[in-house]
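Novice: Sharing a structure below in structure tokens format, with a few things to ask.
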Amino acid sequence: MPRAIRPKASEGRMGVGPLIPPLAESQRPLRQQVFELVRAAGLIPRVQVAKDLGVSPASVTTITSELIETGLIEEVAAPREGDAGRGRPAVALGVRADAHRVAGMKLSDREHTAVIVDFAGNLIADDVIPRRPGPMSVTEILDAIEDLLNRVCTKAGMARADLSAVGIGVPGFVDSAEGMVLWSSVLADRAVPLAARAGARLGLPVTIDNDANLVALAELWFGAGRSLSDFAVVTIEHGVGMGFVMNHRIYRGAQRVGMELGHTKVQLDGALCRCGQRGCLEAYIADYALAREATTALNWGHKEGQSIAVLLESLYDHAKAGNATAKSIFRRAGRYLAVGLSNVINLFDPALIILSGERMRYDYLYAAETLAEMESLVIATGRPRPPIEIHAWGDLLWAHGAAALALSAVSEAILSGQVLGVAAE
Ligand SMILES: [Zn+2]
């Protein structure tokens, strides 16, 4: 009997409707809801918190007193709007910025970037170290992480121990919940428990995530995605990634390794991808794909030590100067990008697609013809297609996303009464 078919009433009561575990994502404890509302609002009066959450002012007073006592939020004299309030000065609630400080880091093929932010998300310091491309050993990557963290702490005028948590973004297949890097272009090994290893090395709680998820998180926390419930961020750099926000949360999939837009197939038996398979989208539009085309088509020998960035810059200059072959390389990549974006729209119907990453300076990629091509591949529903925005904000934004991940980890641990753990080395 198919499981979807209900047994007869005589066979007992099994209930109907989704089986949602208590205190799952969809039923966050009221303390957490209050804290997150205050954090998102900036400043908000208690009475508004009660209204927005649909709970009694008395329960909001109890919870906010607790949160103030824990040091997470504070009372602030709020500027009055018009002459609405008379008598007592208006008091609003806000996150206590100096309650915690966290670091966010982005590891990439070209450089590693770090930021330190306070508990209200304000930037305190940032730093970047360049690196030679290619996979690293776990020890090398831990050395790089520690080195960068020490440097950015010095810039911020604080000790490492003053941090409450660290968030790290890594390209590749990453299981954020388990802290595992299953595969990454920056790591020589597979299945590395990077969160635990980095935590043990730094003596701090470490959370990791796929770097494209962190760009989506940065947009959700600080950018265009704050007011949107469903949107996509597509990153084009050394690889192609996607972060998808569904109902105001990052969507990761059942095993937390979904949303690999870069490895969706756009050509059977097509170009070879870094993942080892053929015909992946990123094998047509990522850095290394364009560089591969450039060296072949323009008959450029790849000079020893010449970086992909320099090669691409040169290709771009040739295209701008009217070189037909150089233009055709970008045009072809743009057509494949159109296929990828139309698939995202047809599958998810997002409110917005943000294209992010260094490569977005190459406007050939998203020229009018690319968007027209995409339009022709989107199903004809009679509804307008979502807007496409270009955000070429660079690695600092990605590191901010990693900091948001760390801020979430800190507040969720405190609000649920847990202690953020540090693994022993
Ligand atoms: Zn692939």
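First residue of the sequence shown? That's 4 in my numbering, and the numbers climb one at a time after it. The beta-carbon is built from N, C-alpha and C at its ideal position, and this holds for glycine as well.
#1: In whole angstroms, what separates the C-alpha of Thr-65 from that of Tyr-254?
#2: Thinking just about the alpha-carbon of each residue, which of Ala-416, Leu-22 and Met-161 is nearest to the one in Phe-38?
#3: From Val-269, His-103, Ala-294 and Ala-402, pick the residue whose C-alpha is nearest to that of Val-218; which is it?
#4: When we look at the beta-carbon of Met-4 and count the other beta-carbons within 10 Å, is it buried (16 or more) or exposed?
#5: For the alpha helix (DSSP H) that contains Ala-292, what are its first and last residues?
#6: Does the beta carbon of Cys-283 fall short of 7 Å from some heavy atom of ligand 1?
#7: With burial defined as no fewer than 16 other Cβ atoms inside 10 Å of the residue's Cβ, what is the status of Pro-389: buried or exposed?
#8: I'd like to confirm something about His-103: is its beta-carbon nearer than 7 Å to some heavy atom of ligand 2, or not?
#9: So what does Gly-170 bridge to, in DSSP terms?
#10: Buried or exposed: which applies to Met-17, given that a residue is buried once 16 or more other Cβ atoms fall within 10 Å of its Cβ?
#11: Taking the alpha helix (DSSP H) that Gln-269 belongs to, which residues open and close that run?
#12: State the DSSP-derived secondary structure class of Ala-61, mapped to helix, strand or coil.
#13: Where do the N-terminal and C-terminal ends of the beta strand (DSSP E) with Ser-188 fall, by residue?
#14: May I have the straight-line CA-CA distance separating Asn-125 from Gly-385, to the nearest angstrom?
#15: Go through its chain and collect everything with a Cβ distance to Ala-123's Cβ below 6 Å, but skip five positions before and after it.
#16: If I'm right that Glu-78 touches Leu-96 with Cβ under 8 Å, what's the distance once you round it to whole angstroms?
#17: Looking only at C-alpha atoms, which of Arg-277, Leu-400, Leu-399 and Arg-200 sits nearest to Trp-3?
#18: Less than 8 Å between the beta carbons of Glu-181 and Glu-361, yes or no?
#19: I want to know whether the stretch 196-205 touches the stretch 224-238 - three or more CB-CB distances under 8 Å.
#20: Can you tell me whether Ala-19 is buried or exposed? The criterion is at least 16 other CB atoms within 10 Å of its CB, across all chains shown.
#21: By DSSP, does Met-17 sit in helix, in strand, or in coil?
#22: Quick one: any contact between the stretch 392-401 and the stretch 136-153, if contact means 3 or more CB pairs under 8 Å?
#23: Give me the Cα-Cα distance between Ser-111 and Ala-235, rounded to the nearest whole angstrom.
#24: So is Leu-418 buried or exposed if we call it buried at 16+ other beta carbons inside 10 Å?
#25: Starting from Gly-97, follow its DSSP beta bridges and name the residues at the other end.
#26: Rounded to the nearest angstrom, how far is the Cβ of Val-413 from that of His-103, given a contact under 8 Å?
#27: Grab the span of the alpha helix (DSSP H) containing Asp-55 for me, first residue to last.
#28: Does the beta-carbon distance from Gly-282 to Gly-265 come in below 8 Å?
Specialist: In this structure, then:
#1: 33 Å
#2: Ala-416
#3: Ala-402
#4: Only weak support exists for where Met-4 lies, its pLDDT of 48 falling under 50; the coordinates are left without a value.
#5: 290-300
#6: yes
#7: buried
#8: No copy of ligand 2 appears in this structure; the ligands present are ligand 1.
#9: Gly-107 and Thr-210
#10: exposed
#11: It should be noted that the sequence gives Val, not Gln, for residue 269. Counting along the chain, Val-269 falls outside any alpha helix (DSSP H), and DSSP gives it neither H nor E.
#12: helix
#13: Neither: Ser-188 is in no beta strand (DSSP E) and is coded neither H nor E.
#14: 42 Å
#15: Val-98 and Ala-100
#16: 6 Å
#17: For residue 3 there is no data in the structure shown, the boundaries of the chain being 4 and 428.
#18: no
#19: no
#20: The displayed chain sequence assigns Val, not Ala, to residue 19. When all chains shown are included, Val-19 counts as exposed.
#21: coil
#22: no
#23: 21 Å
#24: buried
#25: Glu-77
#26: 5 Å
#27: 49-56
#28: no
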